[in-house]
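In our numbering, the protein residues as written are 2 to 967.
Virtual Cβ for every residue (Gly too), placed ideally from N, Cα, C.
Quick caveat: nothing in here was measured; it's all calculated off a predicted structure.
Presented below is the structure to which this report refers.
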């Protein structure tokens with residue numbers, strides 16, 4: 002019996018696939034694309050998280066990322082021969098090999114750069130007279146006998162340091178080498194000798210036999226301790242005066258370590274193990290943090306001590322690097338989850354709509370089978386079999402394509418996602434069909450939304466969903482969107498919740514305007530308006546499912562577009578805050594001034610629209626705060642200084658004092674030309690600059706009424722101040738002493754920001770009124786040629802530098818995690834737009850046969866082709882406008898709901914030194930909100946026009962067949 006059933010089912014599947022190959026192919030393509038996107042998303046997230054972790058470890062300073070195991074020198078109670086043997090190469094190599102074996106997964110070592118040896122921890126003073134003494138202080142040297150010198154360096158001159166005789170603690174002569182940089186700065190030559198004193202004050206002669214050049218200067222071998230490669234001029238901590246001395250490192254022969262045991266330089270044994278991040282993945286970050294903590298102070302440290310000795314210690318900054326990477330990932334993940342859940346919901350709804358379309362097209366066929374005795378199990382089983390034959394291979398192929406396209410990532414999340422897509426499609430059609438044909442039905446009744454009344458069960462279900470969605474949104478709004486435990490599903494589901502509420506409400510309200518508009522239309526002479534409203538009311542294209550798909554797609558696309566636009570705006574603002582204009586020319590030091598010839602040459606370059614020379618002087622001391630004076634609000638765009646907050650700032654850093662000004666002791670004095678600076682502010686998008694109060698100069702300066710202008714130190718200059726400085730100075734003139742002259746300033750306005758000045762505490766005056774007028778910075782707007790600009794500045798001298806806004810902007814796109822998250826959002830916007838268009842097509846295709854039949858019947862009554870096109874266009878307009886309006890509202894509501902808890906700094910600016918890390922709030926992007934909605938309306942009109950054109954090409958006889966129930 003079962004064999005006969007299988008034999009009967011095979012012809013059925015082949016017959017169905019041959020009967021409708023187009024529908025089967027379209028379904029397979031849709032499932033293929035959806036399965037590909039579903040499987041590619043988790044793999045793409047894993048890929049950028051893995052690349053981001055590796056990038057952070059590889060680009061970190063080797064002194065932070067390297068794992069260093071160190072222990073003190075062997076105890077003095079041990080025999081001398083044993084002490085010497087413990088610091089020689091063979092014993093150190095044996096311990097190093099054991100340490101590599103004890104490293105727990107996923108931590109792996111870069112064996113090519115592992116180094117071990119003996120080094121001094123206390124620098125020794127070198128009194129040789131030929132060594133440089135910049136401020137009469139002799140240099141200090143550290144000494145290290147480190148393995149692998151020949152493998153990691155090339156011999157520039159001389160010979161490699163060796164041990165002609167076995168070196169012991171009693172040896173008083175050893176050989177060493179220095180790098181080229183050390184030799185150049187400290188005047189070391191081949192054959193030079195340096196004395197290193199023992200604990201008994203006996204000299205050990207260190208002969209420099211060679212000068213070496215590092216093969217990889219930035220590698221961990223040379224960068225774990227930068228003094229190995231490059232000497233440094235450091236301040237003397239024991240001197241009461243600011244004096245400096247040179248410090249560097251001498252590289253001894255590998256087996257010369259025993260000689261250091263007799264010194265008082267506190268030698269230690271060390272093993273430097275750089276990590277190899279090539280095999281690390283994003284999910285390994287948590288395990289890696291735990292492993293590093295265990296090695297530093299846990300069970301891992303006990304295993305290290307079993308190999309290296311009971312006093313061994315492990316030191317590394319790798320844990321901090323991994324924790325910083327984890328914090329960035331946790332900050333980015335909630336934003337990515339919004340896109341993932343939104344697009345996933347859209348895809349699921351579109352797949353359900355596809356099943357509904359197939360079920361509607363086959364409704365008559367299945368109703369006939371049911372009326373002739375077909376069981377629900379048999380019909381559902383056949384539908385499941387024929388759907389699975391098409392869908393399951395498409396899902397598998399989508400998974401395969403995702404694996405090939407994204408070659409890195411865990412396989413099982415993608416496999417589960419692709420399997421979920423296939424399962425949803427396979428189950429949706431049989432279940433929907435079974436529910437529709439529980440009872441045999443005759444010809445379907447009209448689905449008129451104007452007159453139809455939904456059942457009580459549907460009303461209760463919709464109210465339940467509505468109450469749950471509103472409750473979730475209310476809870477989300479009350480507790481905020483910031484979640485400390487990682488990704489919050491309630492926050493990520495905000496677009497789905499808002500779209501669900503809007504869809505349920507709009508579907509219920511949709512018949513009301515149709516009912517109101519149908520009555521006046523019925524009194525008009527033309528039939529097009531009335532018929533279009535009647536058809537719009539009958540059409541099932543305006544149901545909750547198509548509308549939900551459109552709202553979800555539009556909301557997700559709007560959110561994703563706003564995120565991308567916000568990232569770009571944040572980077573533009575940060576670049577502008579750093580440079581101050583499109584280009585900036587300044588001296589190497591803060592007090593370096595620009596010559597007039599250089600200013601004229603640069604200002605005359607092609608592409609320069611405006612040049613604003615300014616003079617900046619940091620650290621100008623402010624007078625004592627004025628008691629009981631709340632500052633001034635005479636002009637500018639500042640918000641005064643009435644806040645209770647206060648900050649401390651010296652006028653040389655990124656202060657943030659905005660308050661009473663009591664703790665603001667210093668500020669930056671900025672001398673500007675009012676006209677050129679106001680033009681600069683307008684062209685760069687900075688807040689409008691109140692130039693009028695500063696235009697007058699010298700003794701005739703225009704001041705507020707009642708103020709006198711005098712010459713000399715009593716001269717009063719009008720000034721625009723930051724809110725905190727304005728609060729400290731008050732409304733009366735206050736004396737300030739600057740390098741640009743001594744005078745009094747009177748605050749006549751406030752501004753919250755000034756170009757090219759990092760501090761938030763500043764005073765802006767007219768540069769023409771200063772005794773020293775030479776500018777220190779030249780700000781340029783326009784698009785000058787970078788090569789010509791650099792050449793012009795270099796011709797003026799090496800002490801001047803150029804900073805371009807475009808180059809600064811390019812610095813913010815540097816980490817794989819940021820770039821990967823941006824690519825995912827671009828893909829989310831594109832997928833959201835695509836699914837929105839597909840939802841429109843599916844909703845219109847569901848009623849396409851009825852539209853064609855309607856036009857054929859009306860043509861027999863005298864309807865022209867143009868009238869038919871207008872009829873279909875007017876019919877599609879209400880649904881399209883409903884979806885577009887609802888999409889605009891849903892997108893706006895989603896952004897408004899999530900913006901308080903979304904900070905785009907990790908996506909836009911994280912990982913760039915010196916960048917502005919103030920919160921970047923998500924704001925609505927009008928283009929991302931309006932373009933998809935307009936596209937829905939345009940597509941609906943275009944589809945209606947194409948349907949009308951295609952129907953006009955087919956004869957009425959083809960559409961009006963005998964016995965047709967449409």
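How is residue 492 classed by DSSP in three states: helix, strand or coil? For this step, residue 492 is matched to residue 491 along the chain shown. DSSP places residue 492 in helix when its eight states are reduced to three.
How is the alpha helix (DSSP H) around residue 588 delimited, first residue to last? The residue given as residue 588 occupies position 587 in the chain shown. Counted as a single uninterrupted DSSP element, the stretch harbouring residue 588 is not any alpha helix (DSSP H) but the beta strand (DSSP E) occupying residues 584 to 588.
Could you tell me which residues DSSP pairs with residue 142 in its beta bridges? Taking the chain shown and counting its residues from 1, one reaches residue 142 at position 141. Partner(s): 125, 249.
Which same chain residues end up closer than 7 Å to residue 498 when comparing Cβ atoms and leaving out the 5 residues on each side of it in sequence? Translated into the one-based positions of the chain shown, residue 498 becomes position 497. Answer for residue 498: 470, 473, 474, listed in chain order.
Contact under 7 Å by Cβ, residue 571 with residue 500: Translated into the one-based positions of the chain shown, residue 571 becomes position 570. Translated into the one-based positions of the chain shown, residue 500 becomes position 499. No, Cβ-Cβ distance for residue 571 and residue 500 is not below 7 Å.
Taking the continuous beta strand (DSSP E) assigned at residue 314, which residues delimit it? To locate residue 314, count along the chain shown from 1; it is residue 313. Residue 314: member of the beta strand (DSSP E) spanning 314 to 316, first to last residue.
Residue nearest to residue 742 in terms of C-alpha spacing, selected from 430, 546, 622: The count along the chain shown starts at 1 and reaches residue 742 at position 741. Nearest option by C-alpha distance: 622.
Backbone CA spacing between residue 406 and residue 36 [nearest angstrom]: Counting from 1 along the chain shown, the entry for residue 406 is found at position 405. Counting from 1 along the chain shown, the entry for residue 36 is found at position 35. One C-alpha to the other measures close to 13 Å.
Which of helix, strand or coil does DSSP assign to residue 202? Position 201 of the chain shown, counted from the first residue, corresponds to residue 202. DSSP places residue 202 outside both helix and strand once states are collapsed to three, so it counts as coil.
When DSSP builds the beta bridges, which residues end up paired with residue 196? In the chain shown, counting from the first residue as 1, residue 196 sits at position 195. Answer by DSSP bridge pairing, in chain order: 206.
Cβ neighbour criterion (16 or more within 10 Å) applied to residue 114: Residue 114 sits at position 113 when you count from the first residue of the chain shown. Per the 10 Å Cβ criterion, buried.
In whole angstroms, what is the alpha-carbon distance linking residue 158 and residue 80? Taking the chain shown and counting its residues from 1, one reaches residue 158 at position 157. Taking the chain shown and counting its residues from 1, one reaches residue 80 at position 79. About 39 Å.
Which same chain residues end up closer than 6 Å to residue 530 when comparing Cβ atoms and leaving out the 5 residues on each side of it in sequence? For the purposes of this step, residue 530 is taken as residue 529 along the chain shown, with counting starting at 1. Only 522 meet the Cβ criterion.
Whole angstroms is fine: what's the gap from residue 648's alpha carbon to residue 750's? On the chain shown, position 647 is the one that residue 648 refers to. On the chain shown, position 749 is the one that residue 750 refers to. With a pLDDT of only 36 at residue 648, under the threshold of 50, the placement of this residue in the model should not be trusted, and no figure is reported.
What's the call for residue 745, buried or exposed, on a 16-neighbour Cβ count within 10 Å? Residue numbering aside, residue 745 sits at position 744 when the chain shown is read from its first letter. Result: buried.
From 182, 933, 565, residue whose alpha carbon lies closest to that of residue 234: Taking the first residue of the chain shown as 1, we reach residue 234 at position 233. For residue 234, the nearest C-alpha among the options comes from 182.
Check residue 804 in the structure and name its three-state DSSP category. Your numbering for residue 804 matches position 803 in the chain shown. For residue 804, the three-state secondary structure derived from DSSP is strand.
Between residue 51 and residue 282, how many whole angstroms is the CB-CB distance? I'm expecting something under 8 Å. Reading the chain shown from its first residue, position 50 is the one you call residue 51. Reading the chain shown from its first residue, position 281 is the one you call residue 282. Yes, they are in contact, since the Cβ atoms of residue 51 and residue 282 sit about 4 Å apart, within 8 Å.
Specify the secondary structure class of residue 21 as computed by DSSP and reduced to three states. Taking the first residue of the chain shown as 1, we reach residue 21 at position 20. In this structure, residue 21 counts as coil in the three-state DSSP scheme.
Which first and last residues belong to the beta strand (DSSP E) in which residue 738 is found? Here residue 738 refers to the residue found at position 737 when the chain shown is read from its first residue. Where residue 738 is concerned, the enclosing beta strand (DSSP E) starts and stops at 735 to 739.
Less than 7 Å between the C-beta atoms of residue 195 and residue 127, yes or no? By one-based count along the chain shown, residue 195 stands at place 194. By one-based count along the chain shown, residue 127 stands at place 126. Taking 7 Å as the Cβ cut-off, residue 195 and residue 127 qualify as a contacting pair.
Counting C-beta neighbours from all protein chains within 10 Å, is the total for residue 217 16 or more, i.e. buried, or is it exposed? Locating residue 217 in the chain shown gives position 216, counting from the first residue. Exposed, by the Cβ-count rule.
For residue 174, which residues does DSSP report across the bridge? The residue labelled residue 174 in the question sits at position 173 within the chain shown. Partner residues in the beta bridge of residue 174, as assigned by DSSP, are 206.
Using the rule of at least 16 other Cβ atoms within 10 Å of the residue's Cβ for burial, across every protein chain shown, is residue 687 buried or exposed? By one-based count along the chain shown, residue 687 stands at place 686. By the 10 Å Cβ count, residue 687 comes out buried.
CB residue 263 to CB residue 164, shorter than 7 Å? In the chain shown, the residue the question calls residue 263 occupies position 262. In the chain shown, the residue the question calls residue 164 occupies position 163. Not in contact: residue 263 and residue 164 (Cβ atoms no closer than 7 Å).
Would you check if the distance between the CB atom of residue 758 and the CB atom of residue 669 is smaller than 7 Å? Counted from its first residue, the chain shown places residue 758 at position 757. Counted from its first residue, the chain shown places residue 669 at position 668. Going by C-beta atoms, residue 758 is nearer than 7 Å to residue 669.
Own chain partners of residue 979 with C-beta closer than 6 Å, once the 5 adjacent residues on each side are dropped: In the structure displayed, the chain extends from 2 to 967; residue 979 sits before or after that span and is not available.
From 774, 782, 738, 511, pick the residue whose C-alpha is nearest to that of residue 680; which is it? As a working note, residue 680 is residue 679 in the chain shown. Of the candidates 774, 782, 738, 511, the one whose C-alpha sits nearest the C-alpha of residue 680 is 782.
In chain order, what residues of the same chain have a beta carbon less than 6 Å from the beta carbon of residue 616, not counting five sequence neighbours either side? Along the chain shown, read from residue 1 onward, the residue named residue 616 stands at position 615. Sequence-distant Cβ neighbours of residue 616 in its own chain, meaning closer than 6 Å and more than five residues away, are 672, 768, 776, 777.
Beta-carbon within less than 6 Å of residue 817's beta-carbon, same chain only, minus the 5 sequence neighbours each way: which residues are those? In the chain shown, counting from the first residue as 1, residue 817 sits at position 816. Around residue 817: 49, 52, 53, 56.
So is residue 773 buried or exposed if we call it buried at 16+ other beta carbons inside 10 Å? Along the chain shown, read from residue 1 onward, the residue named residue 773 stands at position 772. Exposed, because fewer than 16 other Cβ atoms sit within 10 Å of the Cβ of residue 773.
Taking only three categories from DSSP, how would you classify residue 705? Taking the first residue of the chain shown as 1, we reach residue 705 at position 704. Because the pLDDT at residue 705 is just 42, under 50, the model does not fix this residue reliably, and the point stays unresolved.
Contiguous beta strand (DSSP E) assignments of at least 3 residues, all confined to the segment 285 to 366: 314 to 316
Taking only the alpha-carbon atoms, compute the straight-line gap between residue 863 and residue 847 and give it to the nearest angstrom. For this step, residue 863 is matched to residue 862 along the chain shown. For this step, residue 847 is matched to residue 846 along the chain shown. When rounded, the distance between both Cα atoms is 26 Å.
I'd like to confirm the pairing. Which residues does DSSP put opposite residue 904 in its beta bridges? By one-based count along the chain shown, residue 904 stands at place 903. DSSP lists 922 as partners of residue 904.
Just to check my reading of the structure: residue 225 and residue 273 have Cβ atoms closer than 8 Å, yes? What is that Cβ distance to the nearest angstrom? Indexing the chain shown from 1 puts residue 225 at position 224. Indexing the chain shown from 1 puts residue 273 at position 272. Confirmed, about 5 Å.
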